[in-house]
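Some notes on the structure that comes next.
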Amino acid sequence: MSHGLVEKASKETVSATSGGYLAPFPPRTVDLESQRRPSTLHDSVELERINTSRLQQQLTVGSNRSRIPREQWLPMGAGKDYPPPLPDAEEYVVEFEGSDDPMHPQNWPMRRRAIFATASEGVMKEFGFGKEVAALGTTLYVLGFSAGPTIWAPASELIGRRWPMLIGMFGFDIFTIACATAKDTQTIMLTRFFAGFCAASVIALVPASLSDLFNNHHRGVAIAVYTMSVFTGPFTAPFIGGFTAESYLGWRWTFYIPAFVGFFSLILMALFAQETYVPVVLMQKAAILRRQTRNWGIHARQDEHEIDFRELVTKNLARPFLILFTEPIAFLLTLYMSFIYGLAYALLSAYPIVFQGTYGMTGGVSGLPFIGLIIGEIAGSSFVLSLQKSYSRKLEANSNVPVPEWRLPPCIVGGVAFAGGLFW
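Take 22 as the starting number for the sequence shown in the working numbering and just add one per residue.
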């Protein structure tokens, strides 16, 4: 939802670049005619990126507070007076060197951009609780999923995508291990919630990173593949976890295995995943330039922003709810996606009841019907990907300005197929 708003607003700001930048940011002291003309330094693509980046900061973590009055400044010390201000502060702000700057995440080589309820029976027997309490473990995990983005999303706008994802993945691994070694019911429930809370960092921030890495021509492909993996992964758990829980390993290994995979993913992320959030990439570039030039006035736009707790709460907690209840399309899409997401996790509990209770299948075998859902996910994603060439042609014909309605046809087909599949 936020990416759509930023994309829409960025189109408006790009059309106004001939008159200057966004209001909260001071305009450059440059020739406007040279700014209008695409050049090797600032072409139209780079101007769009600059304005989009500044708009993202304005709508998320950028503080709009006025400068503190001079009489409230801390003293320099040793009787020193304050140094004179920079001649033109805007000239010290680091930007990218045109649309083909190799430091911009969207210009990285493709190989660099590409790195990125089954145990309930055993648990019930060991701890002596019923199916309702067992289902609570899945409920709390999903509840953690929903709560996590309220922390991880603002953090990614402050310090970038990489560290929140690393911290979240590490937390998921630790709490999953804690769940596997739990000695009582309350420990399982608590660790399940916090495992979901931490796992939400990857769920929430990977789409943001893909948006950083890919432009409008390729972003749809990346998001489609990512969405397929997000929905397909949980559907492999019932038969993998079912056979594991039935084996001599027992139910605890249904948590050990994801934790080990998570630690392996954490190592890969720590070694190969790099920062993709443009403002933080510019901060890194500014730090390199300061060391190379010994000019300590060089900085990135992100360095100028102060953390204002009130604005963080307003922009990252209150504003999403404001958009949700004042924008009908946002409300309806959120409602629809919430229903689909909730139903997907409800099936994880419903299938075992049907295929074990009614058809008498064992735990692992009762998970095999989920293969049908996996095939459907792959077929649906393939259908979306097949329309990418048509979308790219429309994008080129419209001067690379995306129209949200171009994405609707596969959604309509998918909505009809989804309803038909439920009745079937």
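We put the beta carbon where it would ideally sit given N, CA and C, even for glycine.
Under the three-state reduction of DSSP, VAL424 is assigned to coil, being neither helix nor strand. Around TRP427, the same chain offers TYR412 and LYS415 as residues with beta carbons nearer than 7 angstroms, after the five sequence neighbours per side are excluded.
With fewer than 16 neighbouring CB atoms inside 10 Å of its own CB, LYS101 falls in the exposed class. Within its own chain, the residues whose Cβ lies closer than 7 angstroms to the Cβ of MET124, once the five positions on either side in sequence are excluded, are PHE117, VAL302 and LYS306, listed in chain order. Straight-line spacing of the CA atoms in GLY165 and ILE433 works out to 30 angstroms. Per DSSP, reduced to three states, the secondary structure at HIS326 is coil, with no helix or strand assignment. With at least 16 other beta carbons inside 10 angstroms of its own, TYR162 counts as buried.
Taking PHE218 as the centre and dropping the five residues before and after it, the same chain places the C-beta of GLY165, ALA168 and GLY169 closer than 7 angstroms to its C-beta, in chain order. Assignment of VAL115 by DSSP, reduced to helix, strand and coil, places it in the coil class. THR383 and ALA371 have their C-alpha atoms roughly 15 angstroms apart. Taking a contact as a CB-CB distance under 8 angstroms, the pair PRO104 and VAL299 does not count as one, their CB atoms being some 30 angstroms apart. Residues of the same chain with a CB within less than 6 angstroms of the CB of SER387, apart from the 5 flanking positions on each side, are PRO373, PHE376 and GLN377 in chain order.
Here ASN419 is exposed: its Cβ has fewer than 16 other Cβ atoms, across all protein chains shown, within 10 Å. In this structure, GLY283 keeps its C-beta atom at 8 angstroms or more from the C-beta atom of ASP205. When the beta-carbon positions are compared, THR253 and GLU112 stay at least 8 angstroms from each other. As computed with DSSP, HIS320 is found in a beta bridge with VAL114. The alpha helix (DSSP H) runs lying completely inside the stretch 329-358 and spanning 4 residues or more are 330-334 and 340-347, given in chain order. Remark: C-beta atoms of GLY158 and ARG240 do not approach each other more closely than 8 angstroms. Cβ-Cβ distances below 8 angstroms link LEU338 to THR171 in the same chain, with the five nearest sequence neighbours on each side left out; the list follows chain order. Rounded to the nearest angstrom, the gap between the Cα atoms of ALA221 and TYR269 is 31 angstroms.
In this structure, LEU394 is the residue among SER359, TYR277, PRO431 and LEU394 with its C-alpha nearest to the C-alpha of LEU443.
In the structure shown, the three-state DSSP call for ALA203 is coil. Using a Cβ distance threshold of 8 angstroms, PHE235 and ALA229 do not count as a contacting pair. Rounded to the nearest angstrom, the Cβ distance from GLY189 to VAL227 is 11 angstroms, too far for a contact under 8 angstroms.
Where THR275 is concerned, the enclosing alpha helix (DSSP H) starts and stops at 274-293. Here LEU389 has PHE260 as same chain residues with Cβ atoms under 7 angstroms from its own Cβ, once five neighbours each way along the sequence are excluded. Membership of PHE235 in any alpha helix (DSSP H) is not indicated, and neither H nor E is assigned to it by DSSP. With respect to VAL246, SER402 sits close: the two C-beta atoms are nearer than 8 angstroms. When secondary structure is reduced to three states using DSSP, SER268 falls in the coil class, being assigned neither helix nor strand.
In this structure, the alpha-carbon of MET358 lies about 14 angstroms from that of LEU429.
Nearest Cα to ASN316 within the set LEU95, GLN93, VAL114 and PRO90: VAL114.
In chain order, PRO185 place their CB closer than 6 angstroms to the CB of ALA176, counting only its own chain and leaving out the 5 sequence neighbours on each side. Here ALA280 is not near ILE396, since their CB atoms are 8 angstroms or more apart.
In this structure, ALA351 lies near LEU345, with their beta-carbon atoms less than 8 angstroms apart.
For a cut-off of 8 angstroms, the C-beta gap from THR257 to ILE278 is around 12 angstroms, too long to register as a contact.
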